[in-house]
Amino acid sequence: MSAVESTTDMDIFKRLEEEKAPQKLWRFLFSIFSFLVSSLSPGKLQLIFSGEYTKAMDQNFHKDHLACHHCDKKLVACRYILKEEQPYCIPCYQEQFAHNCEECKKAIGPDYKDLSYKDRHWHEFCFKCCECGKSLVDQAFAPKNDQIYCSDCHDNKFAARCDGCGEPFRGGMKKFEYKGKQWHEDCFCCMICKDPIRNKSFIPRDNEVVCVPCYEDQFAQKCSKCSGVINKGGVAYKNMPWHRECFVCTNCNKELAKEKFTSREDKPYCAECYGQLFAKKCCRCEQPISGFGGTKFISFEDRHWHSDCFVCHKCEQSMVGKGFLLNDGHVVCPDCGRQ
Numbered sequence: 001m002s003a004v005e006s007t008t009d010m011d012i013f014k015r016l017e018e019e020k021a022p023q024k025l026w027r028f029l030f031s032i033f034s035f036l037v038s039s040l041s042p043g044k045l046q047l048i049f050s051g052e053y054t055k056a057m058d059q060n061f062h063k064d065h066l067a068c069h070h071c072d073k074k075l076v077a078c079r080y081i082l083k084e085e086q087p088y089c090i091p092c093y094q095e096q097f098a099h100n101c102e103e104c105k106k107a108i109g110p111d112y113k114d115l116s117y118k119d120r121h122w123h124e125f126c127f128k129c130c131e132c133g134k135s136l137v138d139q140a141f142a143p144k145n146d147q148i149y150c151s152d153c154h155d156n157k158f159a160a161r162c163d164g165c166g167e168p169f170r171g172g173m174k175k176f177e178y179k180g181k182q183w184h185e186d187c188f189c190c191m192i193c194k195d196p197i198r199n200k201s202f203i204p205r206d207n208e209v210v211c212v213p214c215y216e217d218q219f220a221q222k223c224s225k226c227s228g229v230i231n232k233g234g235v236a237y238k239n240m241p242w243h244r245e246c247f248v249c250t251n252c253n254k255e256l257a258k259e260k261f262t263s264r265e266d267k268p269y270c271a272e273c274y275g276q277l278f279a280k281k282c283c284r285c286e287q288p289i290s291g292f293g294g295t296k297f298i299s300f301e302d303r304h305w306h307s308d309c310f311v312c313h314k315c316e317q318s319m320v321g322k323g324f325l326l327n328d329g330h331v332v333c334p335d336c337g338r339q
């Protein structure tokens, strides 16, 4: 026994191998050695004999060696918690690692769920709306001023409100903004037909909004000829609006927007058509006397002349402002009339 006690286990195996011990005996002794090594206590590395150990964390311990890592309290037949592969009794775990609840300020022990948000922690039963007391477990919530609110209380207390219905804008709702005001999608409506504007064009009117069809129907100028809406490039004549392409001569359909024109019985005519259809004719040149551009003319007994055409029939001197005679229907000066 003394020889065995003074040598190591590995020395024994080396000696057996050197002495050429029978193979079966060598294997038997090696299996005994492996069993003894696996039975060593992890804490003290001492051999454990049958009936004197407990198993925890996939390891074997003497009963006195399974203890709290912090206070060394024996943990056999006691509840404990592993932290970084070390066992802790419940009081030490709570003291060293448990978070304090934001609501009740007490430690959140292992028997309770630890609910956390941005490095803040609550007991499951303490995680509730600060306004209405509703539990927020598995519910939407919003933080504000170091407090937590359910979505309804948060919106009612802090959310912006619709200028149409006065109700708050809740999460996920579309918001329409115009000139410093804001509306829910279904509240941003035409003031006339009450249909939501959504992505359609609109026109402001008296601090309200009007959809394009309603504006054109109620407020837009309409062409005096075709009754269509005038969106741009219109022409006004005698307080009547026209499309540029609709403001044409009644007789020849020539556009009059950049032309000289006049009207007869509220119908527009270009200068040429008006002269041909309605103007007096000069008795000398037989061309119409239109009066455009300040044209002067002479009238005598239902006969008419351009000022430049009112000359003596014989000597062709101007008779404007002078006395004249009629000779066989022609205007002559007094001198030619005496010949």
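Here UniProt numbering is used: position 210 in the sequence shown is 210, and no number is missing along the way. For each residue, glycine too, the CB sits at the ideal point set by N, CA and C.
Item                                                                                                                      : Value
Distance, F141 Cα to L115 Cα                                                                                              : 13 Å
Rounded straight-line distance, which links the Cα of Q287 to that of Q276                                                : 8 Å
Alpha carbon of C226 to alpha carbon of C282, nearest angstrom                                                            : 37 Å
Residue burial classification, S263 (beta-carbon count within 10 angstroms, cutoff 16)                                    : exposed
Continuous beta strand (DSSP E) stretch holding I81: start and end                                                        : Y80 to K83
Beta carbon of C165 nearer than 8 Å to that of C193                                                                       : no
Coarse secondary structure for S201, derived from DSSP in three states                                                    : coil
Buried/exposed call for E102, threshold 16 Cβ in 10 Å                                                                     : buried
Nearest residue (CA-CA) to K314, options P334, Q96, Y117 and H304                                                         : P334
Where the alpha helix (DSSP H) through G310 begins and ends                                                               : A small correction: the amino acid at residue 310 is Phe; Gly does not occupy that position in the sequence shown. Unbroken run through F310: none, as it is neither H nor E.
Pairwise C-alpha distance: I148 and F202                                                                                  : 41 Å
CB contact flag (K128, L136, <8 Å)                                                                                        : yes
For C153 and P168, the rounded distance between their alpha carbons                                                       : 11 Å
Limits of the unbroken alpha helix (DSSP H) element including N151                                                        : Reading off the sequence shown, one finds Ser at residue 151, where the question assumed Asn. S151 to F158 is the span of the alpha helix (DSSP H), which, as asked, contains S151.
Short Cβ contact (8 Å threshold) for C252 with C223                                                                       : no
Beta-carbon proximity check, Y112 vs E95, cutoff 8 Å                                                                      : no
Chain-order list of residues whose beta-carbon lies under 7 Å from that of K83 (same chain, five-residue window excluded) : Y93 and F97
beta-carbon K128 near the ligand GDP non-hydrogen atom, thresh 7 Å                                                        : Inclusion of the ligand GDP in the displayed structure is not the case, the ligand content being empty and no account of it being possible.
Residue from A257, C130 and N207 whose Cα sits closest to the Cα of G180                                                  : N207
Cutoff 8 Å; reference R120; Cβ partners in own chain excluding five residues on either side                               : E102
Other residues of its chain near D186: CB distance less than 7 Å, five sequence neighbours each side excluded             : P196
Beta bridge counterpart(s) of H330 as assigned by DSSP                                                                    : N327
Where L326 falls, given that 16 or more other Cβ within 10 Å makes a residue buried                                       : exposed
V331 versus E316: straight-line alpha-carbon distance, rounded                                                            : 10 Å
Where C246 falls: helix, strand or coil (DSSP)                                                                            : coil
Span separating the alpha-carbon of K200 from that of V229                                                                : 18 Å
Coarse secondary structure for I298, derived from DSSP in three states                                                    : strand
Exposure of Y80, with buried meaning 16 or more beta-carbon neighbours within 10 Å                                        : buried
Which residues DSSP lists as bridging D289, in chain order                                                                : Correcting the residue type first, residue 289 is Ile in the shown sequence and not Asp. DSSP lists K280 as partners of I289.
Beta-carbon spacing of E265, E255 below 8 Å                                                                               : no
Status (buried if at least 16 other CB within 10 Å, exposed otherwise) for A160                                           : exposed
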